[in-house]
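Below you'll find the structure, written out as structure tokens, and then a few comments.
Protein chains in written order, with the numbering used here: chain A, 7 to 343; chain B, 514 to 833; chain C, 4 to 286.
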């Protein structure tokens with residue numbers, strides 16, 4: 007537990023950095039932030055009014071303290087496009103994005119780890135080459151392009167997938183009562199199997215498109231880490247002790263590969279949260295990414311800033327979670343801290 | 514005493530990108546029941562390669578061309594897959610140098626002993642922990658109940674080697690192969706570990722093959738010693754005979770290069786030349802190029818074994 | 004590394020991985036399109052034709068036409084310059100700025116190191132594409148800012164690499180000797196240290212190119228930076244996407260394929276270059 011506290015403290019500088027950088031992005035840049043906040047339709051008077059209201063005429067340091075104070079009160083400003091507080095908008099849409107990312111992550115891990123393990127066990131044989139080809143191809147395909155290709159093939163040509171318009175076909179189904187905000191989970195809570203299947207069907211293509219890009223780094227590190235453990239002294243000991251191959255592979259080699267694998271999860275999360283924006287765009291997904299895109303295009307700055315901040319916080323949190331999980335895998339991390 | 518492990522005429526090659534390495538050529542060696550046999554030689558002499566082929570753990574690039582390895586009447590070279598796995602850990606076990614990396618870093622040492630017991634000994638699951646703690650006790654680990662829960666990184670190198678020995682001896686194998694078991698440990702720990710290995714092999718009439726580059730260590734603990742050079746066994750004799758009357762020029766040079774309580778740095782000599790490149794065509798006696806006593810007949814094949822006494826064999830045309 | 008070594012490694016890199024040769028071929032094709040684009044294109048990429056909207060691929064229009072009747076092949080060819088240009092400028096900028104910041108941090112240590120390190124940590128604390136979006140939104144929605152945003156999110160990789168390498172080398176014998184010889188800090192860095200870390204950084208840069216292309220195209224896909232009717236692969240994919248549901252696949256497939264080809268090419272080149280410089284680092 008001591009380790010968790012230490013790690014928690016270590017995120018404070020990142021947290022501070024994130025807050026300062028998002029502040030600078032909105033307050034200390036060339037151009038007139040007040041004009042951004044006022045929106046494209048504002049005239050000189052209303053801009054001046056907003057400047058005063060937002061305190062933009064005061065010294066930067068003072069503005070920073072107001073900014074932090076607002077953040078602490080959960081005040082991210084008001085969105086110009088929706089007229090709602092940005093925090094409300096984001097909290098409203100976040101579950102949709104998280105649900106999508108979670109399925110994509112499960113898909114990526116579920117494919118990448120067996121692939122990497124197989125490639126390492128069958129080094130330089132057809133399975134390994136196949137894995138390398140898949141990884142190279144996945145790394146070269148832009149997420150949004152994969153998404154569109156899948157839509158073309160599985161929706162237009164084959165008709166297997168539902169129409170790629172959002173999280174649920176609202177004409178046929180009603181969204182389950184909101185508990186977590188994730189439709190598949192809420193549908194299960196409500197005991198509505200039909201809506202669950204419908205929501206899941208909408209998720210398949212976007213989750214796969216999003217997951218495929220994260221697959222490459224995961225499969226690559228799994229293969230490398232497995233090769234490393236398979237050639238280690240302790241795997242040799244396990245073989246010399248006549249342990250069954252499955253035990254050598256999993257209890258000895260694979261469990262020791264988990265630490266390096268978990269170390270690339272940070273990068274994978276960065277990919278997922280970033281590409282989420284693109285995939286939401288492709289599939290008409292009503293998540294925070296789509297919200298941010300329309301906000302950027304409408305110069306709705308408070309909304310963009312809130313989105314960037316929330317994504318950064320989420321990312322820091324996810325990395326923290328991975329580090330804590332790593333201590334469960336490897337006792338050495340607990341002690342070295 | 515009867516022969517327990519018999520290696521005869523073992524020939525092993527490595528296929529590499531840069532040619533075929535003839536790592537072992539006509540290697541023959543026996544270990545009797547309850548006997549400790551030392552295999553001594555420079556690094557690269559093939560002693561570990563031999564040990565690994567006994568265990569059936571040779572590298573994928575290794576190719577055994579000829580010969581046989583028989584353990585207690587069982588031909589190990591024709592035994593494959595599952596059957597070989599059942600022998601490893603139960604009939605024969607191996608310990609390695611650098612014990613710290615030889616243990617799984619993220620598994621409690623007690624669990625690692627249990628893994629072996631679970632596989633080879635008919636112990637009910639609920640008694641496993643007791644058996645593992647007993648195994649720790651047998652290698653004289655103080656406070657075994659607490660050590661059961663330790664991870665390798667929490668233990669000293671010597672302690673890790675004891676754990677390795679506990680794993681190796683968990684199922685009372687009839688053959689133990691110790692590959693440089695004390696290299697890298699400090700001198701006092703070395704003695705403790707070696708005493709432990711000797712006592713265990715005496716107690717249970719276990720045959721032991723001690724692989725080491727340290728002739729002094731072998732001289733202290735082994736019943737017989739085989740000297741290897743460049744993939745050949747060049748001399749094999751009871752320890753006292755070998756130390757007192759080495760017959761192969763290489764053995765004599767090795768002895769002269771081994772520190773003893775009476776030697777000083779000035780009286781120690783080093784062995785001239787290097788191990789030959791095993792990829793090229795070599796003369797019958799692979800030591801001839803480094804040998805000060807080389808005669809013209811040394812280049813005539815075949816290289817015979819000379820029997821100096823019933824138990825003292827040397828592979829040299831002009832033994833000392 | 005001697006020249007003989009380098010040529011032998013080149014032999015290995017090409018011999019063992021014929022894909023590297025394929026990548027060089029693609030690179031030549033891309034460079035030709037980037038340099039000669041407008042004169043290679045069979046049509047004016049901006050010329051609309053109301054009578055030939057969404058024409059499927061044919062002899063006249065090998066890649067078909069888009070919703071405004073513009074020739075997609077011409078648009079794909081002409082877009083090469085902009086797409087590669089954005090990625091290339093971003094990579095060069097992050098290379099130079101990262102090298103400068105990283106070398107300063109690694110060589111001077113102390114506060115410089117701490118501040119630069121903290122800055123890079125802060126950049127890395129964001130999901131990078133999200134940060135790029137935020138930067139473009141703040142700086143203004145145009146191509147130059149796309150390049151700046153891509154530069155900033157790539158910066159930490161170069162900076163950290165340069166810092167580690169410089170830090171490691173600053174106390175090595177030859178740097179020490181140069182310092183003792185009365186050379187100024189900048190001279191020691193520029194003459195004695197940086198030339199040694201350039202090759203591995205070039206590998207990093209070529210591996211990075213693919214990612215920079217994806218990033219810039221991603222930003223234009225969501226409507227940032229490049230404005231219609233400028234031909235650019237990301238925006239063309241986005242425009243073509245609307246016609247998937249009616250089956251006009253060519254409008255998004257060809258620009259998307261061009262993107263894939265470019266990213267694929269630079270990824271392979273990076274791998275090849277890495278093998279060339281250090282065959283041991285292959286994973």
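Note that beta-carbon positions come from the ideal geometry of N, C-alpha and C, so glycine has one too.
Neighbouring residues, chain B, relative to residue 84 of chain A (Cβ below 7 Å) = Position 78 of the first chain holds residue 84 of chain A. Chain B residues near residue 84 of chain A: none, gap ~51 Å exceeds 7 Å.
What are the start and end residues of the beta strand (DSSP E) that includes residue 523 of chain B?
-> Taking the second chain and counting its residues from 1, one reaches residue 523 of chain B at position 10. Taken as a continuous stretch (DSSP letters only), the beta strand (DSSP E) holding residue 523 of chain B covers 516-529.
Residue 705 of chain B and residue 671 of chain B: beta carbons closer than 8 Å?
-> The residue labelled residue 705 of chain B in the question sits at position 192 within the second chain. The residue labelled residue 671 of chain B in the question sits at position 158 within the second chain. Yes, the pair counts as a contact, with Cβ atoms nearer than the cut-off.
Kindly say whether residue 587 of chain B, judged by its beta-carbon, lies nearer than 8 Å to any beta-carbon of chain A.
-> As a position in the second chain, residue 587 of chain B is number 74, starting the count at 1. Against chain A, the CB of residue 587 of chain B has no partner CB under 8 Å away; the residue lies outside that interface.
On the three-state DSSP scale, how would you describe residue 649 of chain B?
-> Sequence index remark: in the second chain, residue 649 of chain B carries index 136 (1-based). Residue state, collapsed to three classes: helix.
How is the beta strand (DSSP E) around residue 697 of chain B delimited, first residue to last?
-> Translated into the one-based positions of the second chain, residue 697 of chain B becomes position 184. Looking at the DSSP string, residue 697 of chain B is not in any beta strand (DSSP E), and its letter there is neither H nor E.
With contact counted as at least three CB pairs below 8 Å, one residue from each stretch, are the region 284-300 of chain A and the region 224-234 of chain A in contact?
-> With a cut-off of 8 Å, the region 224-234 of chain A and the region 284-300 of chain A do not count as touching, because too few Cβ pairs lie within range.
What residues match up with residue 68 of chain C in a beta bridge as DSSP calls it?
-> Along the third chain, one-based indexing puts residue 68 of chain C at 65. C:74.
Should residue 515 of chain B and residue 545 of chain B be called a contact, given that it needs their Cβ atoms to be closer than 8 Å?
-> To locate residue 515 of chain B, count along the second chain from 1; it is residue 2. To locate residue 545 of chain B, count along the second chain from 1; it is residue 32. Yes, the Cβ-Cβ distance between residue 515 of chain B and residue 545 of chain B is below 8 Å.
Own chain, CB closer than 6 Å to residue 574 of chain B, minus 5 neighbours either side, in chain order | Sequence index remark: in the second chain, residue 574 of chain B carries index 61 (1-based). Excluding sequence neighbours, residue 574 of chain B sits near 527 and 528.
In or out: residue 239 of chain C buried (at least 16 other Cβ within 10 Å) or exposed?
-> Within the third chain, residue 239 of chain C is the residue found at index 236, counting from 1. Answer is buried; the Cβ neighbour count reaches 16.
Give the range of the alpha helix (DSSP H) segment to which residue 606 of chain B is assigned.
-> In the second chain, counting from the first residue as 1, residue 606 of chain B sits at position 93. From DSSP, residue 606 of chain B is part of no alpha helix (DSSP H) but of the beta strand (DSSP E) over 605-608.
Ignoring anything shorter than 3 residues or poking outside the region 564-651 of chain B, list the beta strand (DSSP E) runs there in chain order.
-> Segments of the beta strand (DSSP E) lying fully in the region 564-651 of chain B: 575-584 and 605-608.
Give the interface partners of residue 147 of chain A over in chain C, defined as CB-CB distance under 7 Å, in chain order.
-> Walking along the first chain from the start, residue 147 of chain A turns up at place 141. Under the 7 Å cutoff, chain C gives 263.
Kindly indicate which residue of C:102, C:198, C:172 and C:133 has the alpha-carbon position closest to the one of residue 320 of chain A.
-> On the first chain, position 314 is the one that residue 320 of chain A refers to. Among C:102, C:198, C:172 and C:133, the Cα nearest to that of residue 320 of chain A is on C:133.
For residue 619 of chain B, go through chain A and note every residue whose CB falls closer than 9 Å to its CB, in chain order.
-> The residue given as residue 619 of chain B occupies position 106 in the second chain. Within 9 Å Cβ-Cβ: 261, 262, 264, 265, 335, 336, 337 and 338.
Quick one: residues in its chain with C-beta nearer than 8 Å to the C-beta of residue 20 of chain A, no 5 flanking neighbours on either side, listed in chain order?
-> By one-based count along the first chain, residue 20 of chain A stands at place 14. The answer, listed in chain order, is 322.
Which residues bound the beta strand (DSSP E) around residue 242 of chain A?
-> For the purposes of this step, residue 242 of chain A is identified with residue 236 of the first chain, where counting begins at 1. Per DSSP, residue 242 of chain A belongs to no beta strand (DSSP E); it is in the alpha helix (DSSP H), 239-246.
In or out: residue 329 of chain A buried (at least 16 other Cβ within 10 Å) or exposed?
-> Walking along the first chain from the start, residue 329 of chain A turns up at place 323. Classification of residue 329 of chain A: buried, given that the 10 Å Cβ count is 16 or more.
Using a Cβ cut-off of 7 Å, which residues of the region 111-123 of chain C contact any Cβ in chain A, in chain order?
-> With the criterion set as a beta carbon lying under 7 Å from some beta carbon of chain A, the members of the region 111-123 of chain C are 121, in sequence order.
Return the first residue and the last residue of the alpha helix (DSSP H) that residue 658 of chain B is part of.
-> Here residue 658 of chain B corresponds to residue number 145 of the second chain, with the count starting at 1. Per DSSP, residue 658 of chain B belongs to the alpha helix (DSSP H) from 657-660.
Name the DSSP beta bridge partners of residue 91 of chain A, please?
-> To locate residue 91 of chain A, count along the first chain from 1; it is residue 85. Residue pairing by DSSP places residue 91 of chain A opposite A:84 in a beta bridge.
Residue-level contact to chain A via CB, residue 729 of chain B, 8 Å cutoff | Position 216 of the second chain holds residue 729 of chain B. No, its Cβ sits nowhere closer than 8 Å to a Cβ of chain A.
Cβ neighbours of residue 597 of chain B in the same chain (closer than 8 Å, five flanking residues each side left out) | To locate residue 597 of chain B, count along the second chain from 1; it is residue 84. So the list reads 569 and 589, once near-sequence residues are dropped.
Taking 8 Å as the cut-off, decide whether the C-beta atoms of residue 71 of chain C and residue 276 of chain A are in contact.
-> Along the third chain, one-based indexing puts residue 71 of chain C at 68. Along the first chain, one-based indexing puts residue 276 of chain A at 270. Cβ distance not < 8 Å, so residue 71 of chain C and residue 276 of chain A don't count as in contact.
Three-state secondary structure (DSSP) of residue 771 of chain B = In the second chain, the residue the question calls residue 771 of chain B occupies position 258. Three-state DSSP puts residue 771 of chain B in coil, outside helix and strand.
Given residue 76 of chain C as reference, the closest of C:245, C:58, C:93 and C:87 once Cα atoms are compared | Counted from its first residue, the third chain places residue 76 of chain C at position 73. Scanning C:245, C:58, C:93 and C:87 for the CA closest to the CA of residue 76 of chain C turns up C:58.
Proximal residues of chain B, C-beta to C-beta of residue 250 of chain A below 8 Å = Locating residue 250 of chain A in the first chain gives position 244, counting from the first residue. Residues of chain B whose Cβ lies closer than 8 Å to the Cβ of residue 250 of chain A are, in chain order, 598 and 632.
Under 8 Å between C-beta atoms, does residue 343 of chain A make it to chain C?
-> The sequence position of residue 343 of chain A within the first chain is 337, counting from 1. Residue placement at residue 343 of chain A is poorly supported in this model, since its pLDDT is 43, which falls under 50; the coordinates still yield a value, given next. No, its Cβ sits nowhere closer than 8 Å to a Cβ of chain C.
For residue 245 of chain A, decide whether its Cβ has a neighbour in chain B, counting only Cβ atoms nearer than 8 Å.
-> If you number the first chain from 1, residue 245 of chain A lands on position 239. Taking 8 Å as the CB threshold, residue 245 of chain A lines the interface with chain B.
Take residue 121 of chain A and list the residues in its own chain whose beta-carbon comes closer than 6 Å to its own, dropping the five residues that flank it on each side.
-> As a working note, residue 121 of chain A is residue 115 in the first chain. Excluding five sequence positions before and after residue 121 of chain A, the CB atoms of its chain that fall closer than 6 Å to its own CB belong to 137 and 225, given in chain order.
Would DSSP call residue 739 of chain B helix, strand or coil?
-> Counting from 1 along the second chain, the entry for residue 739 of chain B is found at position 226. Note: residue 739 of chain B maps to strand in three-state DSSP.
Reduced DSSP secondary structure (H/G/I, E/B, other) of residue 749 of chain B | The residue you call residue 749 of chain B lines up with position 236 of the second chain. Strand.
Rounded separation between residue 616 of chain B and residue 702 of chain B - CA only | Here residue 616 of chain B refers to the residue found at position 103 when the second chain is read from its first residue. Here residue 702 of chain B refers to the residue found at position 189 when the second chain is read from its first residue. Taking the Cα positions, residue 616 of chain B is about 18 Å away from residue 702 of chain B.
Would you mind sorting residue 213 of chain C into buried or exposed? The rule is 16 or more other CB atoms within 10 Å of its CB.
-> Residue 213 of chain C sits at position 210 when you count from the first residue of the third chain. Buried.
CA-CA distance, residue 715 of chain B and residue 547 of chain B?
-> In the second chain, the residue the question calls residue 715 of chain B occupies position 202. In the second chain, the residue the question calls residue 547 of chain B occupies position 34. C-alpha separation (whole angstroms): 6 Å.
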